[in-house]
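Engineer: Residue numbers (the numbering used here): 123 to 320.
Have a look at the structure that comes next, please.
Shown next as structure tokens:
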């Protein structure tokens with residue numbers, strides 16, 4: 123149970139692997155704020171066009187209307203002072219200046235809810251998420267289910283040969299894997315052999 127601050131703003135971070143329900147949880151919290159008649163603004167990075175150019179859409183097709191921005195600093199200009207709750211999805215795609223933006227929104231008295239991957243396909247932390255976790259009052263870490271063995275999954279196994287740290291994709295490009303079944307650097311799923319004891 124969280125102790126809800128009585129005045130001022132705060133930051134909540136929802137992190138974890140792909141397919142762990144981060145966006146669903148973000149949408150759930152935003153919908154509850156909307157039901158409570160709070161003034162809500164929602165943002166996503168413009169580079170994430172997987173399911174919709176504007177709306178935030180979960181893998182299970184839940185959606186909420188949002189605004190796509192190229193840089194984190196745009197969020198400050200697009201958030202009126204009457205806003206009570208700000209939602210930001212796919213935070214790992216923003217530069218670390220997103221942390222300053224979230225800090226400023228919280229200073230203005232807003233509840234800031236941020237969702238994003240905490241690790242890349244090599245199991246290395248995304249700097250923006252790492253800094254947000256340190257800054258946040260509340261952190262929720264979601265786990266997915268490993269597609270190989272069914273254990274709790276915290277890693278993102280890339281299954282496409284596309285290169286670069288940032289490859290925007292869904293089930294066509296990634297699988298959720300547990301610590302044991304994760305194979306960094308193996309982007310060909312046909313070459314993957316599960317651990318011998320499975």
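From the three backbone atoms N, C-alpha and C, an ideal C-beta is built for every residue, glycine too.
This one's a predicted model, so the numbers in the text were calculated from it and none came from an experiment.
If you draw a straight line from the C-alpha of residue 307 to the C-alpha of residue 280, how long is it?
Structural biologist: As a first step, residue 307 must be located in the chain shown, where it is residue number 185. As a first step, residue 280 must be located in the chain shown, where it is residue number 158. Rounded to the nearest angstrom, the two C-alpha atoms are 8 angstroms apart.
Engineer: From the DSSP output, in three-state form, read off residue 215 for me.
Structural biologist: The residue you call residue 215 lines up with position 93 of the chain shown. If DSSP states are grouped into helix, strand and coil, residue 215 belongs with the helices.
Engineer: Count Cβ pairs between the stretch 232-251 and the stretch 132-144 that sit closer than 8 angstroms; are there 3 or more?
Structural biologist: yes
Engineer: Relative to the C-alpha of residue 232, which candidate in 217, 244, 243, 198 has its C-alpha closest?
Structural biologist: Translated into positions along the chain shown, residue 232 becomes position 110. Checking every option, the nearest Cα to that of residue 232 belongs to 198.
Engineer: Buried or exposed for residue 145, please, with buried defined as at least 16 other CB atoms from any protein chain shown within 10 angstroms of its CB.
Structural biologist: One-based indexing of the chain shown puts residue 145 at position 23. Answer is buried; the Cβ neighbour count reaches 16.
Engineer: Is it true that the stretch 192-208 meets the stretch 239-248, where meeting means three or more beta-carbon pairs spaced less than 8 angstroms apart?
Structural biologist: no
Engineer: Where residue 298 and residue 246 are concerned, what is the direct C-alpha to C-alpha distance, given to the nearest angstrom?
Structural biologist: Within the chain shown, numbered from 1, the residue matching residue 298 stands at position 176. Within the chain shown, numbered from 1, the residue matching residue 246 stands at position 124. Those two C-alpha atoms are separated by around 15 angstroms.
Engineer: Could you compute how far the alpha carbon of residue 211 sits from the alpha carbon of residue 168?
Structural biologist: Sequence index remark: in the chain shown, residue 211 carries index 89 (1-based). Sequence index remark: in the chain shown, residue 168 carries index 46 (1-based). Approximately 11 angstroms, taken between the alpha carbons.
Engineer: Rounding to the nearest angstrom, what Cα-Cα distance links residue 314 and residue 155 in this structure?
Structural biologist: Position 192 of the chain shown, counted from the start, is the residue given in the question as residue 314. Position 33 of the chain shown, counted from the start, is the residue given in the question as residue 155. Caution is warranted here: a pLDDT of 48 is assigned to residue 314, below 50, making its placement in the model unreliable, and the coordinate value is therefore given only provisionally. Rounded to whole angstroms, residue 314 to residue 155 spans 43 angstroms at the Cα level.
Engineer: Since residue 254 is in the alpha helix (DSSP H), which residue starts that stretch and which ends it?
Structural biologist: Locating residue 254 in the chain shown gives position 132, where the first residue counts as 1. For residue 254, the uninterrupted alpha helix (DSSP H) run begins and ends at 249-257, by DSSP.
Engineer: Starting from residue 155, trace the alpha helix (DSSP H) both ways and give me its first and last residue.
Structural biologist: Translated into positions along the chain shown, residue 155 becomes position 33. 144-157 is the span of the alpha helix (DSSP H), which, as asked, contains residue 155.
Engineer: With distances taken between CB atoms, is the gap from residue 276 to residue 265 smaller than 7 angstroms?
Structural biologist: Working through the chain shown from its first residue, we reach residue 276 at position 154. Working through the chain shown from its first residue, we reach residue 265 at position 143. When the beta-carbon positions are compared, residue 276 and residue 265 come within less than 7 angstroms of each other.
Engineer: Quick one: what does DSSP say residue 297 is sitting in, helix, strand or coil?
Structural biologist: Your numbering for residue 297 matches position 175 in the chain shown. Residue state, collapsed to three classes: strand.
Engineer: Rounded to a whole number of angstroms, what is the C-alpha to C-alpha distance between residue 278 and residue 296?
Structural biologist: Counted from its first residue, the chain shown places residue 278 at position 156. Counted from its first residue, the chain shown places residue 296 at position 174. Rounded to the nearest angstrom, the two C-alpha atoms are 6 angstroms apart.
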